[in-house]
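In numbering that gives the first Met the number 0, the protein residues as written are 0 to 288.
Glycine included, C-beta positions come from ideal geometry on N, C-alpha and C.
Just so it is clear, the structure is predicted and the values come from calculations on it, not from any experiment.
Step one of this worksheet: look at the structure below.
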Amino acid sequence: MQLLSGVVGVGALVYFLFCIALTLWQNRLIFFPSTIIKNSPGDFGLAFEEVWMPVLTWKGKVERLHGWWIPSLNPKADVLLYLHGNGGNISANLGHARRFHQLGFSVLLIDYRGYGRSKGKFPTEAEVYRDAQAAWDYLVRQREINPRDIFIYGHSLGGAIAIDLAVRRPQAAGLIIENTFTSMGEQLARQGVFQLFPVKWLLTQRFDSLSKLKLLRVPLLLIHGASDRTVPVQMGQNLYEAASAPKQLLLVPHAGHNNVAAVSEEEYLRAVSEFYQGVRRTQLQLAKG
0 MQLLSGVVGV
10 GALVYFLFCI
20 ALTLWQNRLI
30 FFPSTIIKNS
40 PGDFGLAFEE
50 VWMPVLTWKG
60 KVERLHGWWI
70 PSLNPKADVL
80 LYLHGNGGNI
90 SANLGHARRF
100 HQLGFSVLLI
110 DYRGYGRSKG
120 KFPTEAEVYR
130 DAQAAWDYLV
140 RQREINPRDI
150 FIYGHSLGGA
160 IAIDLAVRRP
170 QAAGLIIENT
180 FTSMGEQLAR
190 QGVFQLFPVK
200 WLLTQRFDSL
210 SKLKLLRVPL
220 LLIHGASDRT
230 VPVQMGQNLY
240 EAASAPKQLL
250 LVPHAGHNNV
260 AAVSEEEYLR
270 AVSEFYQGVR
280 RTQLQLAKG
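So this is what it looks like as structure tokens:
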């Protein structure tokens, strides 16, 4: 009996310690930054400029975010702010960013703090939101770009960051999110080991996109791979249903989490182009009154 009580006590202690670890270090289960830059836009035949953007820490210290500005040949082109997912850095996203550039956008890719060449330590939810806001401010203040000419794009976790930014900056032209989850709580609930713990109460990195989309006032294009095993397509459909803003949905059969455009590139590019043109038509109609 004493042996059984001892085993139960040890088990309870281990469970308690794991709960503490999950609370204190959960951002290390969410973010997987790499500081290794494998290539540059020049390797893809793209002219570019290295850019640095200031961002404040919660202590008031100024750190710098690194990004690549890839201008369109048309100086009056609209801009796409590219927010990547939780792994790697901007160098792993150049192939996809080039697609948007080929559609005519000038593209700004940024690395969150702790990623790539960006300064700072391991990021948190609040910090990556501030990083996206710093990139927006760079475009508006330093590049002097009209907010109505800026489209925001985010993939996976970057989609959650893009949603937060679009809610905070409703003057943006449009929002494009791809293979994005509804909330971190629902995403973790799909992972077997986390079902053993009260994630709902322990979670501090919430990324509650489902609730935020109800506040969205920016036109939305939601793209999701129908065979995504990382973020199930039902999450994309739930996000789409929650959005009240003008919205479009593209579900790509047989596409997974990271290959939607590769599986159906023509359909993907057509959807983005039609979304852009629709936003522009609406802006012109509103301008005419």
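| Check | Outcome |
| --- | --- |
| Where the beta strand (DSSP E) through H223 begins and ends | L219 to G224 |
| Rounded distance between the beta-carbons of F150 and A133, thought under 8 Å | Actually they do not touch by this definition, with Cβ atoms about 18 Å apart. |
| Residue range of the unbroken beta strand (DSSP E) whose run includes G66 | V61 to I69 |
| Residue closest to G66, alpha-carbon to alpha-carbon, out of I176, R116 and G59 | R116 |
| Segment limits, beta strand (DSSP E) that includes L105 | Sequence check: residue 105 is Ser here, not Leu. That run of the beta strand (DSSP E) goes S105 to I109. |
| Helix, strand or coil at Q276 according to DSSP, with G and I counted as helix | helix |
| Three or more C-beta pairs below 8 Å linking the segment 140-149 and the segment 88-95 | no |
| K118 - DSSP class collapsed to helix/strand/coil | coil |
| Alpha-carbon to alpha-carbon, W57 and Q204 | 16 Å |
| Beta carbon of V163 nearer than 7 Å to that of Y128 | Position check: residue 163 holds Asp in this sequence, whereas Val was assumed. Yes. Within cutoff. |
| Contacting residues, own chain, Cβ-Cβ under 8 Å from K120 (five flanking each side not counted) | R112 and G113 |
| Where the beta strand (DSSP E) through Q247 begins and ends | K246 to V251 |
| Which residues DSSP lists as bridging P53, in chain order | R63 |
| Cβ distance (whole Å) where Q236 is taken to contact F274 below 8 Å | With 8 Å as the limit, Q236 and F274 do not qualify as a contact, their Cβ atoms being about 18 Å apart. |
| Beta strand (DSSP E) segment containing F206, residue limits | Segment: none, F206 is in no beta strand (DSSP E) and carries neither H nor E. |
| W135 versus L82 - alpha carbon distance | 11 Å |
| 6 Å CB neighbourhood of K213 in its chain, flanking five on each side removed | A241 |
| C-alpha gap between E49 and P40, whole angstroms | 10 Å |
| Classification of P169 by the beta-carbon crowding that lies within 10 angstroms, buried from 16 upward | exposed |
| Check whether L55 and I109 have beta carbons under 7 Å apart | no |
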